[in-house]
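Heads up: the structure comes next, in structure tokens.
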Amino acid sequence: MRMSLIAALALVLCATPLWAHYLWVNVDNYHPKPGQEITISLGWGHLFPNSPPPKADRIEKLYIVSPEGKIMPLEVKPGGEEGRVAPVKVRLEKEGTYLVVAEPKSGFVAKTTRGYVRGKTKKELKNVIRCFWSESCALAVINVGEAFTDTYKKAPERRYQLVLLENPVKLKVNDILPVKVMLDGKPHRTWVYATYSGFSSKKDTFAYATRTSKEGVAEIKL
């Protein structure tokens, strides 16, 4: 349950308004042995964890940060007729904590009376119902073996950042997972929503809600 919660946090903290699509990272084994094959996949939508992956052309970057801080790019490959991101199989040989990062393409999204339009502002369109800037990222923590490191704290260099302040592998039910939300390098006051796999079969339904402090820190009870 706790690892599903981490994936959900990536989903909700990186979303902008609640009517935007959420992105999250799925891993079939968050605590593998060194060299054990694992599968990384993406989710995209409003129903965690059962929404399908995003289309490959929507993802800007997909990579792993190693325990030493090295960036390990992963191939964003389309699969199936709709060209959605195919799962990636990897083997992490060295013990330590790894951070999986998925970054979708940023840009304006507008809803008009004829549907959604991406890449244009409301000044460039007619009959706009609403328009917003969409920018996010999704994270997943993988701990290989038993030599845990602080890689989970290495947030992507983006305007909107989510920083985990504890390694989730060390936490248990009823513990607190602190996270920090940053915008343009400063602590960001915002609402934080969290959920876990199996909590609800309805869209946009969350198990937990809280608000960040003036330091940008929110505490999630597991």
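Just remember that the working numbering sits 22 ahead of the position in the sequence shown, which is counted from 1.
For each residue, glycine too, the CB sits at the ideal point set by N, CA and C.
Quick caveat: nothing in here was measured; it's all calculated off a predicted structure.
Exercise for the section: Let me know the secondary structure DSSP gives Leu-199 once reduced to three states. Expected result: In this structure, Leu-199 counts as strand in the three-state DSSP scheme.
Exercise for the section: Pick out whichever of Ser-219, Arg-136, Gly-118 has its Cα sitting closest to the Cα of Asn-50. Expected result: Note that residue 50 is Asp in the sequence shown here, rather than Asn. Checking every option, the nearest Cα to that of Asp-50 belongs to Ser-219.
Exercise for the section: Kindly indicate which three-state DSSP category Glu-146 falls into: helix, strand or coil? Expected result: Glu-146 falls in the helix class under three-state DSSP.
Exercise for the section: Identify whether Leu-27 lies in helix, strand or coil by the three-state DSSP scheme. Expected result: Low confidence applies to Leu-27: its pLDDT is 43, below 50, so where it sits in the model is not reliable, and the reading given next is rough at best. DSSP places Leu-27 in helix when its eight states are reduced to three.
Practice task
Confirm, please, whether the CB-CB distance from Arg-80 to Lys-127 is below 8 Å.
Solution key: The answer is yes: Cβ separation under 8 Å.
Practice task
Give the single residue among Lys-243, Tyr-182, Lys-236 whose Cα lies nearest to the Cα of Ala-229.
Solution key: Of the residues Lys-243, Tyr-182, Lys-236, the one whose Cα lies closest to the Cα of Ala-229 is Lys-243.
Problem - Coil, strand or helix - Ser-235 by DSSP - result: In the three-state scheme derived from DSSP, where H, G and I count as helix and E and B as strand, Ser-235 is classed as coil.
Exercise for the section: Could you name the residues that DSSP lists as bridge partners for Cys-153? Expected result: Ala-132.
Problem - Where Ala-32 sits in the DSSP three-state scheme - result: With a pLDDT of only 42 at Ala-32, under the threshold of 50, the placement of this residue in the model should not be trusted; the figure read from the coordinates follows. In this structure, Ala-32 counts as helix in the three-state DSSP scheme.
Practice task
Enumerate, from N- to C-terminal direction, the unbroken beta strand (DSSP E) stretches of 3 or more residues contained entirely within the segment 51-78.
Solution key: Runs found: 59-67.
Problem - Element boundaries [beta strand (DSSP E), containing Asn-189] - result: No beta strand (DSSP E) holds Asn-189; DSSP gives it neither H nor E.
Practice task
Report, in whole angstroms, the separation of the C-beta atoms of Leu-161 and Leu-184, which I expect to be a contact under 8 Å.
Solution key: With 8 Å as the limit, Leu-161 and Leu-184 qualify as a contact, their Cβ atoms being about 6 Å apart.
Problem - Collapsed DSSP secondary structure at Lys-208 in the structure displayed - result: Collapsing the DSSP output to three states places Lys-208 in a strand.
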